[in-house]
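In the numbering used here, the protein residues as written are 1 to 446. All residues carry an ideal CB built from backbone N, CA and C; glycine is no exception. None of these values were measured; they are calculated from a predicted model.
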RNA sequence: GCCGCUGUAGCUCAGUAGGUCAGAGCAUCCGGCUGUUAACCGGACGGUCAUCGGUUCGAAUCCGAUCAGCGGCGCCA
């Protein structure tokens, strides 16, 4: 097959420009067939590009026989190049249409497997094609803004972006959620040799890297083999993490608050149309106000118990509890001072040693936890003590303990679940709707 | 890990006191239509009823196992 030629981008007009009435006449557009209807002498071809959709009318009176027949028979998702006169017409969806004078089908699509009758499973099986849908495109644009806003915010504060390994043998979360990676080895009985776990968080590496750069952040996938079957869990999720030397928990919380506000205002200024397309009430995001409420774990216990729960010190908040706490909130809320069992790397509160100097940030409307963070144990003696307390072996934390021996300093950090954040901002009912290829315990394809 | 649910045409589904139960709409193909809004009208094509086994004269329908997927919980971001 001969390699097809096509004119340069500069010769085409974006559909959004036409819809805004800013285009030349005639215009040339290129895109994909979104919908198609035809009668004997007139064909309505709705074309989409990455900027919008517009109805194009192909009339037998204006074009030759062959282009007309091609327009009639081309199926949804065929790629097309066409030329015509943009006309304001109330009968067209979007208010504008193109009266076509030249219609070329660049590639005739096979029958597109996704039709108006859709099921979740079918869309997931055809995710590689569903990514063309307007909803996916809108969500991915918002996602891109969140990544950019996160990066801009911390870069603006002179934090340095760094990368940590995905292969690791250190576990910083529960061992039960570790993924194992092996490689083929004929000398092993099983035929495979264990190589490493997949990283659950950059944290241990961040604490090492921090001593040179002081203020650092990363954007990377984390992996957790939680057999979670919920609308909030992925096995591979994007983790935005920050670590900072000479930083206290409350200072970090203030910076995080600024970060969340920056992300929201970036999304509001760049993705208003995308939010509306997704059916998100924009005013909900506009009404988010700082400072966010702060409650101690103990206060949350009391509040929940007054709402009918029966919780005592040490109990975790499940989704039911988080939802009860956040479903009527307008802004996110911090919970601090969790019980010291929550994690060995968080620093116990000197004024209240049964709790930790740490925080979670819960998104409103029942979306739940999006940030977990806190001040780290910085003294080597206390760290060994805390590791033993958790029933772990300090020996297995060799290099992590080593970094505390050379000029250790107080420091804090946090991890933000990007996908959960985007899901919240989009008002999505499932986290899988805001990542191109979601990975769960039951799905790794496409 | 636990609880619950689903699997019938390419897609979405109906069909179970076991016996005209192999069905509809959409998609696709053929024909018709000059203003359609995931159009409309006529026709055609299309299914080992997830798989394997069992009960029965007879199973899409009842039973068991397996596979695949979905929802929720626990846990977490």
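For residue 59, which residues from the same chain have a beta carbon less than 6 Å from its beta carbon, with the 5 sequence-adjacent residues on both sides left out? 42
Tell me whether residue 251 is buried or exposed, calling it buried when 16 or more other Cβ atoms sit within 10 Å of its Cβ. exposed
Give me the Cα-Cα distance between residue 187 and residue 204, rounded to the nearest whole angstrom. 32 Å
Would residue 15 and residue 81 be called neighbours here (beta carbons separated by less than 9 Å)? no
Distance between residue 165 and residue 8 (C-alpha atoms, nearest Å): 41 Å
Segments of 4+ residues assigned as alpha helix (DSSP H) that fall wholly inside the segment 109 to 154: 120 to 125 and 127 to 130
Helix, strand or coil, according to DSSP, for residue 16 in the structure here? helix
Every unbroken beta strand (DSSP E) inside the segment 334 to 390 [3 residues or more]: 352 to 356, 358 to 363 and 368 to 375
Cβ-based burial, residue 424 [other Cβ within 10 Å; buried from 16]: buried
If we ignore side chains and look at the alpha-carbon of each, how far apart do residue 222 and residue 282 end up? 30 Å
Nearest residue (CA-CA) to residue 126, options 112, 139, 137 and 244: 112
Just to confirm my understanding: we take residue 93, look at its own chain, exclude 5 residues before and 5 after, and list those with CB closer than 7 Å. What are they? 55
Apart from the five residues just before and just after residue 253, which ones in its own chain have a Cβ nearer than 7 Å to its Cβ? 334 and 359
So, are the CB atoms of residue 234 and residue 440 less than 9 Å apart? yes
Which same chain residues end up closer than 8 Å to residue 295 when comparing Cβ atoms and leaving out the 5 residues on each side of it in sequence? 303, 333, 334, 335 and 336
What whole-angstrom Cβ distance do residue 374 and residue 408 have, given they're in contact under 8 Å? With 8 Å as the limit, residue 374 and residue 408 do not qualify as a contact, their Cβ atoms being about 16 Å apart.
If you pair each beta-carbon of the segment 136 to 143 with each one of the segment 267 to 282, do three or more pairs fall below 8 Å? yes
Run through the DSSP bridge pairs and tell me what residue 86 is partnered with. 98
Residues that DSSP places opposite residue 332 in a beta bridge: DSSP lists no partner for residue 332.
Residue nearest to residue 241 in terms of C-alpha spacing, selected from 339, 107, 438 and 416: 416
Use the C-beta contact count for residue 210: other C-beta atoms within 10 angstroms, 16 or more gives buried, fewer gives exposed. buried
Count the C-beta pairs between the segment 152 to 171 and the segment 418 to 435 that are closer than 8 Å, then say yes if the count reaches three, no if not. no
Residue 190 versus residue 118 - alpha carbon distance: 43 Å
Evaluate residue 183 with the Cβ neighbour count: other Cβ atoms within 10 Å of its Cβ, from every protein chain shown; 16 or more gives buried, anything less gives exposed. exposed
Can you give the Cα-Cα distance for residue 276 and residue 397, rounded to whole angstroms? 49 Å
Cα-Cα separation, residue 305 to residue 357: 23 Å
Close beta carbons around residue 267, own chain, < 8 Å, minus the five adjacent residues each side: 142, 145, 146, 149, 275, 285 and 425
My guess is that residue 47 and residue 102 are in contact by the Cβ rule of under 8 Å, so how many angstroms apart are they, rounded? Contact flag wrong, Cβ pair sits at about 13 Å.
Secondary structure of residue 74, DSSP reduced to three states: coil
Am I right that residue 208 and residue 216 are in contact with their C-beta atoms under 8 Å? What's the rounded C-beta distance? Incorrect: roughly 10 Å between the Cβ atoms, too far for contact.
Can you tell me which of 348, 17 and 383 puts its alpha carbon nearest to the alpha carbon of residue 399? 383
Considering only the alpha carbon of each residue, which of 390, 340, 97 and 236 lies closest to residue 353? 340
Residue 239 versus residue 218 - alpha carbon distance: 8 Å
Taking the C-alpha atoms as reference points, what is the distance between residue 19 and residue 114? 27 Å
Segments assigned alpha helix (DSSP H), at least 4 residues, entirely inside the segment 201 to 233: 203 to 213
Can you give me the C-alpha to C-alpha distance between residue 88 and residue 318, rounded to a whole angstrom? 54 Å
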